[in-house]
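A.B. asks: Residues in the sequence shown are numbered consecutively from 21, following the numbering used here. Don't be surprised by glycine CBs; every beta carbon is placed ideally from N, CA and C.
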Amino acid sequence: MKEINAGLIGYKFMGRAHSNAFRQVNHFFNADAKINLKAICGRDKISVQNAASKFGFESYETDWKKLIDRDDIDFVDITSPGNLHSDMALYAAYRKKHIFCEKPLANDSAKAFEMWKAAKAAGIKHQVGFNYRFVPAILLAKKLIDDGRLGTIYHFRGLYLQDWIVDPEFPLVWRLDKTVAGSGAHGDINAHIIDLAHYLVGDMKKVIGMQKTFIRKRPIVETMDGLKASGSSDAALGEVTVDDASVFMTEFQNGALGTFEATRFATGRKNGMSFEINGSKGSVKFEFEKMNELQYYNNDDPATEKGFRVISVTEDSHAYAGNWWPPGHIIGYEHTFVHEMFEFVQSIANDRAATPDFEDGYKCCRILDAVDTSIKDGQWINV
Ligand SMILES: NC(=O)c1ccc[n+]([C@@H]2O[C@H](COP(=O)([O-])OP(=O)(O)OC[C@H]3O[C@@H](n4cnc5c(N)ncnc54)[C@H](O)[C@@H]3O)[C@@H](O)[C@H]2O)c1
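1. For the putative contact between residue 28 and residue 378, defined by C-beta atoms under 8 Å, what is the C-beta separation to the nearest angstrom?
2. Round the Cβ separation of residue 272 and residue 278 to the nearest angstrom and send it over; I've been treating them as touching at under 8 Å.
3. Should residue 188 be labelled buried (16 or more other beta-carbon atoms within 10 Å of its own) or exposed?
4. With DSSP as the reference, label residue 108 as helix, strand or coil.
5. Give me whichever residues DSSP pairs with residue 298 in a beta bridge.
6. On the DSSP letters alone, give me the boundaries of the beta strand (DSSP E) that residue 27 sits inside.
7. Whole angstroms are fine: how far does the CA of residue 266 sit from the CA of residue 210?
8. Quick one: is the Cβ of residue 385 within less than 8 Å of any heavy atom of ligand 1?
9. Residue 91 CB to nearest chain B CB: under 9 Å?
10. So, at 7 Å on beta carbons, what are the nonlocal neighbours of residue 25 in its own chain, with the 5 sequence-adjacent residues on each side left out?
11. Look at the Cβ atom of residue 401, then the Cβ atom of residue 230, and state whether they are nearer than 9 Å.
12. What runs of the alpha helix (DSSP H), each 4 residues or longer, lie entirely inside the region 290-359?
13. With a 10 Å radius around its C-beta and 16 neighbouring C-beta atoms as the bar for buried, classify residue 370 as buried or exposed.
14. Whole alpha helix (DSSP H) runs in the region 112-150 with 4 or more residues, listed along the chain?
15. Just verifying my parser: in three-state terms, what is the DSSP assignment at residue 1?
16. In whole angstroms, give me the CA-to-CA distance for residue 346 and residue 361.
17. Please state the DSSP three-state secondary structure of residue 189.
18. Find out if the Cβ-Cβ distance for the pair residue 200, residue 233 is shorter than 9 Å.
19. To the nearest angstrom, how far is the alpha carbon of residue 74 from that of residue 113?
20. What do you reckon, are the CB atoms on residue 365 and residue 148 nearer than 9 Å?
21. Curious, which full-length beta strand (DSSP E) runs of at least 3 residues does the region 30-66 contain?
22. Residue 61 and residue 81: beta carbons closer than 9 Å?
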């Protein structure tokens, strides 16, 4: 069997999720190539050495250029913060390495555009980490829409609600620093529901938004892991330079209306990503924290039976479900990364385009930027 050597940059939240996916792909899927965990990269030697041994990588590097330069690396997986994505991806494209890059593709759409063009010109496979496209229930929603079961689409209503920084004492982690993260809730979590809207409903025509930073100063950060962090014990405070919440409205090219709300201040909501789509013949509703279910309303049902039905998306006939467990044996967050990595491996092994690719990543960044411009100019912005 063909073998594909992975070079992973980053070993924390997404680094952990992706390296777990590398290990699971060939265990559960009949992929046309085997992923080798060849090398992992981080800046701190001891930490990256520990990560290599814990995750099962053969070797490590402390300089991402060295990782990309290695002849035994076939694809580069970028899980660093957004400010580094473009330098890393442009260099990987230059070295003709396939690239998997986490979202948002870049911190602005000009950089994302450059990445897409460079990847295309290099003839490499490129994929962006919109993992929610690989949730079986969302794939069922896509199928129902594509089969015309919802009819003409009128509404997309997307929410991405978290509360991990509602405490004003939560420290100033990199996600709250514009120079590193690009934006706050906007690029971090609006990006996901924007991509799902593109995937399920189509392109947007115009946007107008509103953003708010509720807490402007926070303690300087001392440690961070995933979305957990601790602050310094002295009284030093630093400036929050990104949005805490970002909402916007859109009209899609097909005439549907869309509303988006992304916030880190929805007290009680942890990873409350949800959407509802209403069409002339029916509706679908999805909530990530019940990710094995899709709610579906069929307007053709007899009047006495009309109502949202809950479909458990765990049958063999549902996307990816048959690769895991018997029906009703549910899957979780980490499986979305296995699915996306399986598709990426297939694209390399069979020399076919990966999806969602850097064009999708760029299109998402373009909407993020257009919303920012609408806020700055106080008016609708045509996309
Ligand atoms: N798809 C998703 O659902 C999802 C979820 C969380 C984060 N993300 C995205 O993944 C990316 C990373 O987020 P995270 O939560 O994993 O962050 P994190 O802080 O947990 O990890 C970032 C990693 O990047 C490494 N890094 C930073 N600078 C580096 C450098 N110069 N050289 C090598 N390594 C470097 C750090 O050592 C760390 O291992 C972001 O773009 C984020 O938006 C996506």
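C.D. replies: For this structure:
1. 18 Å between Cβ atoms; not a contact.
2. 6 Å
3. exposed
4. helix
5. 175, 303
6. 22-29
7. 8 Å
8. no
9. As a matter of chain content, chain B is missing from the structure shown, which is built from one protein chain.
10. 56, 58, 92, 93, 94
11. Contact: no.
12. none
13. exposed
14. 129-142
15. Lying before the first or after the last residue shown, residue 1 is absent from the chain, which here runs from 21 to 403.
16. For residue 346 and residue 361, the distance between alpha carbons rounds to 22 Å.
17. Note: residue 189 maps to coil in three-state DSSP.
18. no
19. So the two alpha carbons sit approximately 29 Å from each other.
20. no
21. 53-61
22. yes
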